[in-house]
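Numbering (my numbering), first residue to last: 44 to 375.
In what follows, a single structure is set out as structure tokens and then discussed.
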């Protein structure tokens, strides 16, 4: 897994300022030094990055700020991965590159799930403990949508936006994305029509892509080799928490290992498949109970528990209370 470093830039701070965000006040509220604004390439941990975005929500009175920040992708390219996506031949190729390389720039996992008629893109911060700040989710989706429309050179008709947040007034989101909104979702996802993946990119540039891909592939090989096995297992499990139970054999296959080898190698680093599975379930259970109104039974299903009682017992071991009581307690 990539080191817990998320790069910002003075350009990002400048863009926030042009959108009337009081960046010094945000940094103060987040407990971060104002000196970050003068650094050429400041780095934040995931916890600091989330604290920054929570501070944005607290300080900023404009609920459209996340959308407007993300929409900057219509005219700017922020990193090498975005450039590679923009130079792809089709929308599908662009999304594939984001999914393959995004974690090289920060500990964010992008997943593209293909259905018969849909292509869903989800984004997950791999080292986050709490749920993703609302304006950050808006910015990520707006950026992805802006890249898709910039690349294709046309207005796209999304299927829907799925949000792991409680139902709220979606007027701004609906006006921006022009599609159905679904709240209380198990994952934050932007859903395209699958046929749109074949749309050609007017920004295609094979020459630039030929220069970028070898660099990205080399970096990916280095990162993969340096990623601990426990983190790889965690990532596969986190991606698969959408109902049903991921068997160890399925995870082993995804990592190109035999189940026996997977279990042995996890044991060598002092853990086991079941321990990692429990840790992933625990973290996701806390997020969903905190951020959504999903029924406890629905959460149990998403986490792969066959019975609600099994989930209740496991959660009581983790937190010393049932999921329902824990949710009531944190709600105040």
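Glycine is no exception: its CB is placed at the ideal position from the N, C-alpha and C atoms.
Query - Close beta carbons around residue 126, own chain, < 6 Å, minus the five adjacent residues each side - result: For residue 126, where only same-chain residues beyond five positions count, the Cβ hits under 6 Å are 120.
**Report entry** Residues that DSSP places opposite residue 235 in a beta bridge
**Finding:** Answer is 162, bridged to residue 235.
Requested in this report: Taking the CB atoms as reference points, tell me whether residue 345 and residue 229 lie closer together than 7 Å.
Outcome: Yes. Within cutoff.
Query - Close-in-space but distant-in-sequence residues of the same chain around residue 359 (CB under 7 Å, 5 per side omitted) - result: The residues 365, in chain order, have a CB closer than 7 Å to that of residue 359 in the same chain once the five nearest residues on each side in sequence are set aside.
Query raised in the report: Are residue 213 and residue 244 close, meaning C-beta to C-beta below 7 Å?
Result: Not in contact: residue 213 and residue 244 (Cβ atoms no closer than 7 Å).
**Report entry** Simplified DSSP state of residue 58, which is helix, strand or coil
**Finding:** Here residue 58 sits in helix by DSSP.
Query raised in the report: Relative to the alpha-carbon of residue 341, which residue among 323, 114 and 285 has its alpha-carbon at the smallest distance?
Result: Of the listed residues, the one whose Cα sits closest to residue 341 is 285.
Report task. With a 10 Å radius around its C-beta and 16 neighbouring C-beta atoms as the bar for buried, classify residue 339 as buried or exposed. Result -> Classification for residue 339: buried.
Query raised in the report: Can you name the start and end residues of the beta strand (DSSP E) that residue 225 belongs to?
Result: Membership of residue 225 in the beta strand (DSSP E) is indicated by the continuous run 223-225.
Report task. Reducing DSSP to helix, strand and coil, say where residue 284 ends up. Result -> Residue state, collapsed to three classes: coil.
Query raised in the report: Around the C-beta of residue 295, are 16 or more other C-beta atoms found within 10 angstroms, so that it is buried, or is it exposed?
Result: Residue 295 is buried by the Cβ-count criterion.
Query raised in the report: With 16 as the cutoff for other CB atoms within 10 Å, does residue 61 come out buried or exposed?
Result: Taking a 10 Å sphere around the C-beta of residue 61, we find fewer than 16 other C-beta atoms and assign the residue as exposed.
Query raised in the report: Hey, residue 207 and residue 334: beta-carbon distance below 7 Å or not?
Result: Result yes, Cβ atoms of residue 207 and residue 334 sit closer than 7 Å.
Report task. Figure out for me which residue from 330, 290, 299 and 337 has the closest Cα to the Cα of residue 316. Result -> It is 290 whose Cα lies nearest to the Cα of residue 316.
Requested in this report: Compute the distance between the beta-carbons of residue 216 and residue 116, then report whether it is under 7 Å.
Outcome: If you check the CB distance, residue 216 and residue 116 do not come in under 7 Å.
Query raised in the report: Could you check where the alpha helix (DSSP H) with residue 102 kicks off and where it finishes?
Result: 89-102 is the span of the alpha helix (DSSP H), which, as asked, contains residue 102.
Query raised in the report: Are there 16 or more other CB atoms within 10 angstroms of the CB of residue 323, so buried, or fewer, so exposed?
Result: By the 10 Å Cβ count, residue 323 comes out buried.
**Report entry** Whole beta strand (DSSP E) elements within the stretch 116-174, 3-residue minimum
**Finding:** Segments of the beta strand (DSSP E) lying fully in the stretch 116-174: 151-157 and 161-168.
**Report entry** Where residue 205 falls: helix, strand or coil (DSSP)
**Finding:** Reduced to three states, the DSSP call for residue 205 is strand.
Query - Alpha-carbon spacing of residue 140 relative to residue 254, whole angstroms - result: Distance between the alpha carbons of residue 140 and residue 254 is about 14 Å.
Query raised in the report: Starting from residue 344 and walking both ways along the alpha helix (DSSP H), at which residues does that stretch end?
Result: It spans 339-345 - the alpha helix (DSSP H) in which residue 344 sits, taken as one unbroken run.
Query raised in the report: Could you give the residue range of the alpha helix (DSSP H) that holds residue 370?
Result: Unbroken alpha helix (DSSP H) run through residue 370: 366-374.
Query - Coil, strand or helix - residue 257 by DSSP - result: In the three-state DSSP reduction, residue 257 falls in the helix class (H, G or I).
**Report entry** For residue 67, the three-state DSSP class (helix, strand or coil)
**Finding:** Helix, per DSSP.
Query raised in the report: Can you tell me whether DSSP reads residue 302 as helix, strand or coil?
Result: Judged by DSSP in its simplified three-state form, residue 302 adopts helix.
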